[in-house]
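Colleague: Chains as they are written, first to last, in my numbering: chain A, 1 to 52; chain B, 53 to 321; chain C, 322 to 1081; chain D, 1082 to 1494.
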Amino acid sequence: MFPFSFEWAWDIPHLVFHGALWYVLSIVGLGLTYCIIKSAVDTFREEDNGHH
Amino acid sequence: MKEEHGDKHTKRYGMVIDLDKCTGCGACMVACYAENNVPFKKDETDKLDSLNWIRIFQLTNGKPYPDTEICYLPMPCQHCDGIGKHGHPPCVSVCPAIATDYDDSTGVVSQIPTRCFGCRYCMAACPYHARKFNWWDPVWPADTKKYLNPNVSTRMRGVVEKCTLCFHRYQQARDKAYLEGREEIYESEYQPACAQACPTNAITFGDLNNPDHAVFKLKNSPRAFRLLERLHTNPKVYYLSSKTWVRRAGDNYLENESRPKSNRQKIHS
Amino acid sequence: MKIDRRSFISLGVGVVAGTTLTPVPWKLMDDISIWTQNWPWTPVPKEGADTYKTSVCTLCPGGCGIQVRKIMDRAVKIDGLPEHPINRGTLCPLGLSGLQFLYGPSRVKAPMKRVGKRGEGKWQEISWDEAVSAVTKKLKELREKEKPHSVAWVAGTDKGTVPRLIGRFLTAYGSPNFIRPPSVHDAYELAVYLMQGQEGAVGFDIENADHVLSFGTGLLQGWGAPVRMLNIYGEQHDSRKIVQIETRLSDTAAKADQWVPINPGTEGALALGIAHVMIKESLYDQSFINQSVFGFEDWTDDHGTRHIGFKTLVREDYSPETVAEKTGVPKATIEKLARRFARADKPIAISGRGEGLLPGSLSECMAVHSLNALVGNINKPGGVSVTSEPEYAKWPEVNIDMTASRGMQQPRVDGAGGSKYPNARYLLHRLPEVINSAKGESPVQALFVSDANPLYTLPNTKATKAAFDRIPFLVSFSSFMDETASHSDYILPNHVFLERYEDVPTPSASVQPIIGLAKPVVRPVYNTRHVGDVVLQVAKSLGSFVEKAFPWKDYQGYLKSALKDYWDQLEEKGFVKVKNAKDFPWANRFNTATGKFEFYPSARNQPSKNDKKALPNFSPVPIEGKPEQYPLVLMPYDAMRLTSGDVGNPPFMTKTIDDTVLKGQTVFVEINPATARKIGASEGERATVATPRGRAKVRLHLFEGIAPGVIAMPKGFGHTAYSKYLAGKGVNFNDLIGPISDPLSGLNTAWGIRAKIDRA
Amino acid sequence: METTPLIPQGVKRCSKLQFSLWMAAAGAVLLWGVYAMYLVWFKGLNQTNMNDAYGFALWIWADLAVIALGGGAFFTGFLTYIIGKDKLKNIINYAVIIGFICYSSALLILAIDIGQPLRGWFIFWHANVHSMLTEVAFCLSCYFAVLTIEFLPIIFENPKLDRVPFLHHLSHNMHRIMAVFAATGVFLSFFHQGSLGGVSGVLFGRPFAFREGINVWPWTFFLFTWSAAACGPCFTILVTWITEKLTRKKLVKDDVIQLLAKISGWMLATYIIAKIADTLYWAMVTAPSMGFSFMDFYSGNPVYGIWILILEIVICGIVPAVILITRKGREAKSLLMLGVVLAVVGVCVNRWVMILQMLAVPVVPFEEWFMYAPSWQEVATTILPVAYGILVISLAHRYLPVFPQERELNPTN
């Protein structure tokens, strides 16, 4: 799964497979992070608004 | 990924089993159990729940008495070279965790029990049922633990195991050759337990690529055939039989195919 | 801060989420998987320096050389010894399983005394001193009662130093009752004694023969030295023809160049039919027959009485037509068999069924041996020979007292050598009948059993058990909890062969005399003692004349002195090839009254008035049971993966057994599909086999290779002792059959029994 | 302090008692399954009737089947978010929940099925990129993560959770970029559904299953994706219908169901044509080249006759396809449901033969057919997900606003 596991090889099958995998993981991860940060920001803003 | 078979350094260890000689005595099976720390249970009669790295089948020609004939066929892992001899046996490429591998320098299909997590995909892939699963925790009763061979690790419940062509013996022979400053391993130095034990010398073992080894010639015998050649599994276990019905029993044929097209596929010779 | 439910939950979620960011769960995951790779209940074999020790396997009479691989003090593997002439580096499944006998679950770990009822399995561990004194006490008591002859000893073999030691002990003590279990060699030796006047083991030089005509002999199923036979089969496969005459397509029949199916029990007739053709077509060895035989042609005795010879007998009574009808072998086949046999360069005819635990009919054996005479292939390379026993050092004579002398003069309890069976040496199968039919107390008051398991191997197990129950004192020297041991009063466990010294005499049926030496490969695993040492200790504690017969300190000292000249070589190599004085010292010279090979044995103690009965003839062995009640014939068969002798099948071998032979705990009986169709049975079906002697639950295996009307069952199952890896699996064939004594020899000839199948 | 109800406003739910009894019944079945699971984990796979010929058996079939049936989630998501069939928003939540249940069940079954569950992560760590199973494992877990992400906002819509400002915003924000997640899910699903087909299709030692194909992908790769896309939504429809029957109210409007059914019908129709073509090529070219005639696979054993092929392709393939692509078929409720049920059965039969029948067929000429019946432990652990699904659906339905049209269809005055 990682280049430091000993069965790793820098060949096309590995690059295609893990390329796709990490691409997908990144999209999902980034999407989720975005949502969490955005929600946190929204929450604070709302609280600020609420105080005033 | 080796295509060059004339290459002296590329070994393809394999077996030629002479079915004309095999009397079904079972020595190969027992030698294998003893060498490879294969456990035993109270009931071993369910052959699909019985660890056997080599198992003897009894074939019959199906003719009524007194024209009946039987033939014994010992079946270890066939150590397939796979389609196009590219080191892709049916089982190796399917293993999700690389617990089984094709050794390019010897052609041996290895199995690493500590790596295997027991998905059994390789067993589904192997048409020979050469792969066995540890359905049970192995138990060595009384003092039988004492006879365990330290060169072969015992397997735990929940993993697949199979014939390794006694690869540990290869390693020992290789180490010995190295210490003696040799590159070549003598034919007699590396013999699996079954071949060593066989009382009729029905099992011949060696490097199929090496013209000096007995198997090199035997595999080209007109009596030679392999199991399920039509699947292109490309086994390194060859069988010899002078009986047509036995050779025909090595593969599947359609009704209109009156006799085997050829005993061997001569793609690479 | 007040912890309300909400913040508690948040905290929890936070902790869990936070932990995943630390290495802790990942490290744990890794640790757990490492744990699964090293489960403490999955043993890890210890490493260490490895060494090889050579020895000899004693698990069967084959005497194969072995090399035992050791890691430190553990024996880890038995392989064949490459330089040993019998097995040449290979080994049979039994020998390969050897370590399961050493370390396995059925061993008796210390001397034991029975505390419950016989066979109940309640034992008390005792010391060796207690064991020896208990035996001594009983033996003393019997001597005091002037009944030393009521002691009997069943030993696995009569060859080698241990049986000689036991025999010497019995002589000094005063009992003639040294008995060993029967085998086909009894018949060979008797036939050869009668026809050739020569005493000794019979060897078959199959290595140099080019045509083997086997009358049902399990050449590849454990007969003789099993690995030698398999070696020969494998090495010169093309140059030797094997013809197997047998009712069932056995493994030997399957591998033979020709299989000749035959009606069961008619092998002797076929041999004489073949002789007929050979004589009619003058295919026999003219010079041998003309010069070296007696009783071939008709002859006149000293009283002027005319006798018919072998030639006349077979020409009159065994024409191919008659024989074809009896045997079911077509006339043309008989003729072909005869011609091929006669025209071969070195043909050998062999009789005896299966692996050879059944002595069989003497007349059948003589009929088959006549074929060897017809081709003149006796005491020659590539032929059948009487082999000389390697000579051991001479021992001092035994001086015995009056009690012993009187005891030795008593007739043997098994009747061997008596008026009824003068030629027999041992008749173990008669023992149960003798004891059971005795009025008053049992003629055997103390029975010692070593390297034998009569409660399993004797036909009619029920009667054997009843007889043994009448013997007041039963001692087993078995290393294993076998049937006899578990029914005895005391068990004085012997070392197994890997823990002890013992000489192994010439392998069974081999021509080349070889002495092997089993050596202690490992130190005794349990509190066991060499049976030889126990004999010496008992002798010592008996004192007086008995003690004086044994001037040796221990068995090893005795063995060393016996093997004197061979010892060093044996210690080093494990075996010695003993050179015969001449290669075949007896070639064409016989020790009979006529100095010739006698078709008409003059040595027969009870000469028959009927010439046709005196000559080798076909007199079918009666088979027990009425055909109306029992329409089928049940025969046993032997297989290499199943031991049927005194040693119980080891777990490894049981594991190799096919699922058409044993399924779960139930054994299969082979039945021809045509026979099965008649009773409407199908493959794998459960049924009951009934014979006049017993009933057994079995499954049916439809097999084309068994003759219609005949059913077959493997020998070696049905153990009640040993461990759970053997006990309770299948049926002991001996439960279903009784012995039938050969009227000529007294040997057991019961090769089969009538039977029926009741579908479940 | 005013308490917020757990149950969404404006909908009617059964009484607490009734709900508890229902949950207890399902829970009992679940416990039975959990007990079997415990046995398997602690005693090992000897608790099953699997053997060396049946390395794959009931569990792997169940895995393949639930993943195919859970395919409703990705395909409905694909239609909703990528094709833009807005109407399907009225069923997408439920499709996601069903998908979530199916995929979590699949993962659970896999965890029971492998001989060394504690080493299961080796499939990721020591991944062999050539193995179809590796691809399955990665895509399956990734897609399960995506499904969880899709499920979360629905959970956050529970009135009580919705009051938490952060969760409220999170739910809102996740909905906003749901198309991204859905697209990722579709991509992942395409591959793992396909790889599941590849699992048996690549086995060149198994003439019954082996198929030729494109590059590394055998035809079964595409057929599996296709059939999951076709039959997954049918399962969604079926479960929705069952839910409606059990709750005795209408939850989704007919036009939504019919749109989904129509699309499924066309998918199924095209799939079955491809499947027939594939079967013909296999029967006439692939199998004979390996020495097998077509009927070798359907004779000589007590179970697998030609009937199973007819069942799969004609009765559960052509028939439902015809029902679903015709307006009359879709509009007649009973016909529609028949079509949906047949499609669901069809895809299950397909997965069964591709695993179980594949292993039953003797390949070595001197071996016989291998027959298998599951042990109770296998059955219990296979039923476990059903009980688990019932529990999750019941909870979701009770406490979450799963069906946007529920209030409209069941006005409470």
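Note that beta-carbon positions come from the ideal geometry of N, C-alpha and C, so glycine has one too.
Counting only Cβ pairs nearer than 7 Å, list the residues of chain D close to residue 478/C.
Modeller: In the third sequence, residue 478/C corresponds to position 157, counting from 1. None at all; the shortest Cβ gap to chain D is about 41 Å.
Colleague: Is residue 192/B helix, strand or coil by DSSP?
Modeller: Mapped onto the second sequence, residue 192/B falls at position 140. Three-state DSSP puts residue 192/B in coil, outside helix and strand.
Colleague: If the cut-off is 9 Å on Cβ atoms, which residues from the stretch 1183-1197 of chain D count as contacting chain B, listed in chain order?
Modeller: Going along the stretch 1183-1197 of chain D in chain order, one finds 1191, 1194, 1195, 1196 and 1197 with a Cβ nearer than 9 Å to chain B.
Colleague: Using a beta-carbon distance cut-off of less than 8 Å, what residues from the stretch 442-473 of chain C approach chain D?
Modeller: none
Colleague: Where DSSP assigns a beta bridge to residue 1236/D, which residues make up the other side?
Modeller: Taking the fourth sequence and counting its residues from 1, one reaches residue 1236/D at position 155. In DSSP, residue 1236/D forms no bridge with anything.
Colleague: Helix, strand or coil for residue 903/C, going by three-state DSSP, please let me know.
Modeller: On the third sequence, residue 903/C is found 582 positions in, with the first residue counted as 1. Annotation note: pLDDT 48 at residue 903/C (below 50); position unreliable, coordinate value reported separately. If DSSP states are grouped into helix, strand and coil, residue 903/C belongs with coil.
Colleague: Determine, for residue 33/A, whether the minimum Cβ-Cβ distance to residues of chain D falls below 8 Å.
Modeller: Sequence index remark: in the first sequence, residue 33/A carries index 33 (1-based). Not an interface residue.
Colleague: Examine chain B for any beta-carbon lying closer than 8 Å to the beta-carbon of residue 1257/D, and answer yes or no.
Modeller: Within the fourth sequence, the letter at position 176 stands for residue 1257/D. Not one chain B Cβ lies under 8 Å of residue 1257/D.
Colleague: Determine the burial state of residue 453/C: buried for a count of at least 16 other Cβ atoms within 10 Å of its Cβ, exposed for fewer.
Modeller: Counting from 1 along the third sequence, the entry for residue 453/C is found at position 132. Buried, since its Cβ has 16 or more Cβ neighbours within 10 Å.
Colleague: Hey, how far is the Cα of residue 536/C from the Cα of residue 508/C?
Modeller: To locate residue 536/C, count along the third sequence from 1; it is residue 215. To locate residue 508/C, count along the third sequence from 1; it is residue 187. For residue 536/C and residue 508/C, the distance between alpha carbons rounds to 14 Å.
Colleague: In chain order, what residues of the same chain have a beta carbon less than 7 Å from the beta carbon of residue 205/B, not counting five sequence neighbours either side?
Modeller: For this step, residue 205/B is matched to residue 153 along the second sequence. Only 165 meet the Cβ criterion.
Colleague: Please list the terminal residues of the continuous beta strand (DSSP E) segment that includes residue 390/C.
Modeller: The residue given as residue 390/C occupies position 69 in the third sequence. From DSSP, the beta strand (DSSP E) with residue 390/C extends over 386-392.
Colleague: Determine the chain B residues that contact residue 1127/D at a beta-carbon separation under 7 Å, and present them in chain order.
Modeller: Mapped onto the fourth sequence, residue 1127/D falls at position 46. What residue 1127/D touches in chain B: 187 and 188.
Colleague: For residue 1261/D, return the contacting residues in chain A, with the cut-off set at a CB-CB distance below 8 Å.
Modeller: As a first step, residue 1261/D is located in the fourth sequence; it is residue number 180 there, counting from the start. The answer, in chain order, is 27 and 31.
Colleague: Relative to the alpha-carbon of residue 1485/D, which residue among 1172/D, 1432/D, 1295/D and 1139/D has its alpha-carbon at the smallest distance?
Modeller: For this step, residue 1485/D is matched to residue 404 along the fourth sequence. Nearest C-alpha to residue 1485/D: 1172/D.
Colleague: Would you say residue 956/C and residue 963/C are within 8 Å of each other, going by their C-beta atoms?
Modeller: Taking the first residue of the third sequence as 1, we reach residue 956/C at position 635. Taking the first residue of the third sequence as 1, we reach residue 963/C at position 642. For residue 956/C and residue 963/C, no; Cβs fall outside 8 Å.
Colleague: Using a Cβ-Cβ cut-off of 8 Å, state whether residue 42/A counts as contacting chain D.
Modeller: Along the first sequence, one-based indexing puts residue 42/A at 42. Interface residue, yes.
Colleague: Am I right that residue 690/C and residue 830/C are in contact with their C-beta atoms under 8 Å? What's the rounded C-beta distance?
Modeller: On the third sequence, residue 690/C is found 369 positions in, with the first residue counted as 1. On the third sequence, residue 830/C is found 509 positions in, with the first residue counted as 1. Rounded, the Cβ-Cβ distance is 14 Å, inconsistent with contact.
Colleague: Between the stretch 355-373 of chain C and chain D, which residues of the former have CB atoms less than 9 Å from a CB of the latter, in chain order?
Modeller: 356, 357 and 358
Colleague: Candidates 1378/D, 1389/D and 1341/D: which alpha carbon is nearest residue 1406/D's?
Modeller: Counted from its first residue, the fourth sequence places residue 1406/D at position 325. Checking every option, the nearest Cα to that of residue 1406/D belongs to 1341/D.
Colleague: Can you find a CB in chain B that lies within less than 8 Å of the CB of residue 590/C?
Modeller: Position 269 of the third sequence, counting from 1, holds the residue named residue 590/C. No, its Cβ sits nowhere closer than 8 Å to a Cβ of chain B.
Colleague: Check the Cβ-Cβ distances between residue 322/C and every residue of chain B, and say whether any is below 8 Å.
Modeller: Here residue 322/C refers to the residue found at position 1 when the third sequence is read from its first residue. Caution is warranted here: a pLDDT of 49 is assigned to residue 322/C, below 50, making its placement in the model unreliable, and no coordinate value can be reported.
Colleague: Quick one: what's got a C-beta closer than 6 Å to residue 1281/D's C-beta in the same chain, skipping five residues either side?
Modeller: In the fourth sequence, the residue the question calls residue 1281/D occupies position 200. Cβ neighbours of residue 1281/D beyond the five flanking positions: 1290, 1435 and 1439.
Colleague: Does residue 3/A have its Cβ less than 8 Å from a Cβ in chain D?
Modeller: In the first sequence, counting from the first residue as 1, residue 3/A sits at position 3. Closer than 8 Å: no.
Colleague: In the stretch 505-555 of chain C, which residue ranges form an unbroken beta strand (DSSP E) of at least 3 residues, counting only runs that do not cross its ends?
Modeller: 522-525 and 532-535
Colleague: With a Cβ-Cβ cutoff of 8 Å, do residue 526/C and residue 703/C count as a contact?
Modeller: Translated into the one-based positions of the third sequence, residue 526/C becomes position 205. Translated into the one-based positions of the third sequence, residue 703/C becomes position 382. Yes, the pair counts as a contact, with Cβ atoms nearer than the cut-off.
Colleague: Use the C-beta contact count for residue 624/C: other C-beta atoms within 10 angstroms, 16 or more gives buried, fewer gives exposed.
Modeller: Within the third sequence, residue 624/C is the residue found at index 303, counting from 1. Answer is exposed; the Cβ neighbour count stays below 16.
Colleague: Going residue by residue through the stretch 841-917 of chain C, where are the continuous beta strand (DSSP E) segments of at least 3 residues, counting only ones entirely within it?
Modeller: 896-898
Colleague: Enumerate, from N- to C-terminal direction, the unbroken alpha helix (DSSP H) stretches of 4 or more residues contained entirely within the stretch 636-694 of chain C.
Modeller: 641-648 and 652-664
Colleague: Taking just the CA atoms, how far does residue 578/C sit from residue 564/C?
Modeller: Translated into the one-based positions of the third sequence, residue 564/C becomes position 243. Translated into the one-based positions of the third sequence, residue 578/C becomes position 257. Their backbone Cα atoms lie some 6 Å apart in a straight line.
Colleague: Closer than 9 Å between beta carbons: that is the criterion. Which residues of the stretch 179-212 of chain B meet it against chain D?
Modeller: 179, 180, 181, 183, 184, 185, 186, 187, 188, 189, 208, 209, 210, 211 and 212
Colleague: Using only the alpha-carbon positions, how far apart do residue 335/C and residue 1229/D sit?
Modeller: Looking up residue 335/C in the third sequence gives position 14. Looking up residue 1229/D in the fourth sequence gives position 148. Straight-line Cα distance between these residues: approximately 19 Å.
Colleague: Give the straight-line distance between the Cα atoms of residue 1387/D and residue 18/A, rounded to the nearest whole angstrom.
Modeller: The residue given as residue 1387/D occupies position 306 in the fourth sequence. The residue given as residue 18/A occupies position 18 in the first sequence. One C-alpha to the other measures close to 42 Å.
Colleague: For residue 53/B, count the other beta carbons within 10 Å of its own beta carbon; 16 or more makes it buried, fewer makes it exposed. Which is it?
Modeller: Locating residue 53/B in the second sequence gives position 1, where the first residue counts as 1. With a pLDDT of 39 at residue 53/B, under the threshold of 50, the predicted position of this residue should be treated as unreliable, though the coordinate-derived value follows. So residue 53/B ends up on the exposed side.
Colleague: Measure from the alpha carbon of residue 146/B to the alpha carbon of each residue in 1213/D, 1198/D and 1177/D, then state which is nearest.
Modeller: Locating residue 146/B in the second sequence gives position 94, counting from the first residue. Nearest C-alpha to residue 146/B: 1213/D.
Colleague: Taking only beta-carbon positions, decide if residue 1202/D is within less than 8 Å of chain C.
Modeller: Indexing the fourth sequence from 1 puts residue 1202/D at position 121. Yes, its Cβ sits closer than 8 Å to a Cβ of chain C.
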